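Undergrad: First residue of the sequence shown: 106, per the working numbering; consecutive thereafter.
Glycine residues also receive a C-beta, built at the ideal position from the N, C-alpha and C atoms.
These figures come from a predicted structure and were not determined experimentally.
I have a structure I would like to understand better, so I am pasting it below and will then ask my questions one at a time.
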Amino acid sequence: MYLAVGRTDRNGVEDLNYTLKKAVETTPFWKEKFAGVELDSITPELLASLTDSVYITPHDLYARERVWPDYIRERRVFYTVMRTSGTTGKPKRVAFTEDDKKRTARQMAPWIDEFLDNGSVIASFFPPLPSSSGMFAFGGLEEFHAKSAYYQIPIQYLQNKDMLLKELRDIKPTSLFCLTATAYNLGLILPEDIRKDIQVIIVGGETLTRELAEATLELFENAVIVDNFGSTEDDATAHRVVKKKSITSFRIPESILILKDDDDAYPEYKKVYITKVMRDGELTGLPLFNYDIGDLARVVDGEVRNIIRVKDVISLAGAKLHIDQVMEIVYNHPDLADFVIIYHPLSPQNPRPKAVIRVAYRDRKPAGIEDEVRELIYEANNPVRYEVEESKQAELIIEAVPLGDLRRDLPKKPGKTKRIYTVGRDI
């Protein structure tokens, strides 16, 4: 069973038709994927029926000669390139055009119009990667011509309370734009007068649970939360508004989401496939149809109520640590045989998410193996290094044990090999 949500009205389908034809005309990957499909008959329902054969994964994005359109590869339009942490030990690079910026503004328009277009002063905390989230925020606000001020605050200030308070007292923010973990941690350290001035908290990058939302709003008593479901590949795909006594469903203004039944550990959730829809005449840097990003959506009465951002990935203060990265490091090492990850997620009781990576050696313990594995992880995923070593909002521990002790004290699930054990859910 499947459900198509988002921009599925007549205008959306017409623009989907344009987007698809342009992608097939300019992009080898999509020309191959849609071979034999009647393009004039494309509908969300047809997209859903094609998810087993017509889709794209994060791994495919490394083949830029195939997945980037010819107008990007031949530099016939201006574009910038955003870097997002890879799933196989190297970064993915995503082209972002001026039309993508316009589309981002349309995605963000509903909550900018309601919450930020009224003289807001926005304090934005994002790591200097450069952050795609920061680029979306600045570009969308600028394109929307929002009547607000946008202050980029060095995230290093989170390590120095005196510098942070001096900065915030100077700019007097009414809104925060940051990762979910950062918002909660700010609530713990900011004085009451600054917290009371905050009216809007825009977050994303991690699953926002009801419990964490309630805990954050208890700290910021006058605020509402705008919870964004986004990615570098599709910008700010969806959003919902969380208040103390209510949570809206997700609104999806510029994309089509195909939600399919998933035989996973979460039977009440649907697997998410993302399709990017451009307006007639626009050119995106990265066409996407049925993007299998690995996320899950909880659907109630045909509406998306919650989205889990964790599937073979854990979130360390917003930075994603992918199981594939650890797998490649361990299985390519001559002295290591296997691994598990014990994950302590962000929660009101645990403001610093923690990952314990337990690696198993075959014969003798290699000297310095813990530091070696840590450095290989940081080399593969610089955002994790930043959150752990620099911002200190998360913790990463490497344990080396004999192979026979790898799953010591961990539950055994017959018939299924498990790699990630979440404290509070699995153990």
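1. Mind the definition here: the region 392–401 touches the region 153–163 only if three or more C-beta pairs lie below 8 Å; say whether that holds.
2. In the structure shown, what three-state DSSP assignment does K517 receive?
3. Assign Q353 to one of two classes, buried (16 or more other C-beta atoms within 10 Å of its C-beta) or exposed (fewer than that).
4. In this structure, how does DSSP classify S253 when only helix, strand and coil are distinguished?
5. Buried or exposed: which applies to I532, given that a residue is buried once 16 or more other Cβ atoms fall within 10 Å of its Cβ?
6. Using 10 angstroms around the beta-carbon of V186, count the other beta-carbons present and answer buried if the total reaches 16, otherwise exposed.
7. For S236, is the classification buried or exposed, using 16 other Cβ atoms within 10 angstroms of its Cβ as the cut-off for buried?
8. Assuming I227 contacts Y256 (C-beta within less than 8 Å), just tell me the rounded distance between them.
9. Report the three-state DSSP secondary structure of A341 (helix, strand or coil).
10. Excluding the five sequence neighbours on either side, which residues of its own chain have a C-beta within less than 7 Å of the C-beta of D120, listed in chain order?
11. At a cut of 8 Å, does the region 420–431 reach the region 493–507 through at least three beta carbon pairs?
12. L228 by DSSP, collapsed to three states: which one?
13. Could you give the C-beta distance for P80 and Q212, rounded to a whole number, given that I count them as a contact under 8 Å?
14. Whole angstroms is fine: what's the gap from V461's alpha carbon to Y436's?
15. Grouping DSSP H, G and I as helix and E and B as strand, with all else coil, what is S452?
16. If you measure between the beta carbons of T132 and P174, is that distance less than 8 Å?
17. R176 by DSSP, collapsed to three states: which one?
18. Which of the three DSSP states is assigned to E495 in this structure?
19. Could you say if the region 306–318 and the region 275–287 meet the contact criterion of at least three C-beta pairs nearer than 8 Å?
20. Since I believe L364 is in contact with V404 (beta carbons under 8 Å), could you give me their beta-carbon distance rounded to a whole number of angstroms?
21. Does the separation of the CB atoms of T527 and Y466 fall below 8 Å?
22. Can you tell me the Cα-Cα spacing of H427 and A472, whole angstroms?
23. S253 and S225 - do their beta-carbons sit closer together than 8 Å?
24. Buried or exposed for E492, going by 16 or more other Cβ atoms inside 10 Å?
25. Among L108, E408, F220, N411, which residue has its Cα nearest to the Cα of A152?
26. Would you report the Cα separation of T202 and L295, rounded to the nearest angstrom?
27. Comparing alpha-carbon positions, which option in V347, T337, A341 lies nearest T321?
28. Given F444, which residues of its chain have a CB within under 8 Å of its CB, disregarding the five upstream and five downstream residues?
29. Which residue marks the beginning of the alpha helix (DSSP H) containing L155, and which one marks its end?
30. Less than 8 Å between the beta carbons of F325 and R345, yes or no?
31. Closest by CA to L441, which one among S452, G509, D302, N411?
32. On a Cα-Cα basis, can you pick out the residue from N327, K376, R469, I276 that is closest to G292?
33. Considering Cα atoms alone, identify which of E137, P149, L144 is closest to G117.
34. State the DSSP-derived secondary structure class of T193, mapped to helix, strand or coil.
35. Check whether the Cβ atoms of I307 and L273 sit closer than 8 Å, and answer yes or no.
36. Can you grab the Cα-Cα spacing for the pair D205 / A214, in whole Å?
TA: Reading it off the structure:
1. yes
2. coil
3. The question names Gln, but residue 353 in the sequence shown is Thr. It counts as exposed.
4. strand
5. Exposed, by the Cβ-count rule.
6. exposed
7. Answer is buried; the Cβ neighbour count reaches 16.
8. 6 Å
9. strand
10. Only V382, M383, R384, D385 meet the Cβ criterion.
11. yes
12. The sequence as given places Ala at residue 228; Leu does not occur at that position. Three-state DSSP puts A228 in a strand.
13. In this structure the chain extends from 106 to 532, so residue 80 is not present and cannot be described.
14. 18 Å
15. strand
16. It is a contact, given that the beta carbons lie within the stated cut-off.
17. The displayed chain sequence assigns Tyr, not Arg, to residue 176. Helix, per DSSP.
18. helix
19. Output reads yes: the region 275–287 touches the region 306–318.
20. Contact annotation, V404 with L364: C-beta distance approximately 6 Å; criterion of less than 8 Å satisfied.
21. The beta carbons of T527 and Y466 sit no closer together than 8 Å.
22. 25 Å
23. yes
24. buried
25. Contrary to the premise, residue 152 reads as Leu rather than Ala in this sequence. It is L108 whose Cα lies nearest to the Cα of L152.
26. 38 Å
27. Among V347, T337, A341, the Cα nearest to that of T321 is on V347.
28. V431, M432, V435, I462, R463, V464, A465, L511, R524
29. L155 -> no alpha helix (DSSP H), and no H or E assigned at all.
30. Going by C-beta atoms, F325 is not nearer than 8 Å to R345.
31. G509
32. N327
33. P149
34. Low confidence applies to T193: its pLDDT is 48, below 50, so where it sits in the model is not reliable enough to give any reading.
35. no
36. Between D205 and A214, the alpha-carbon positions lie close to 14 Å from each other.
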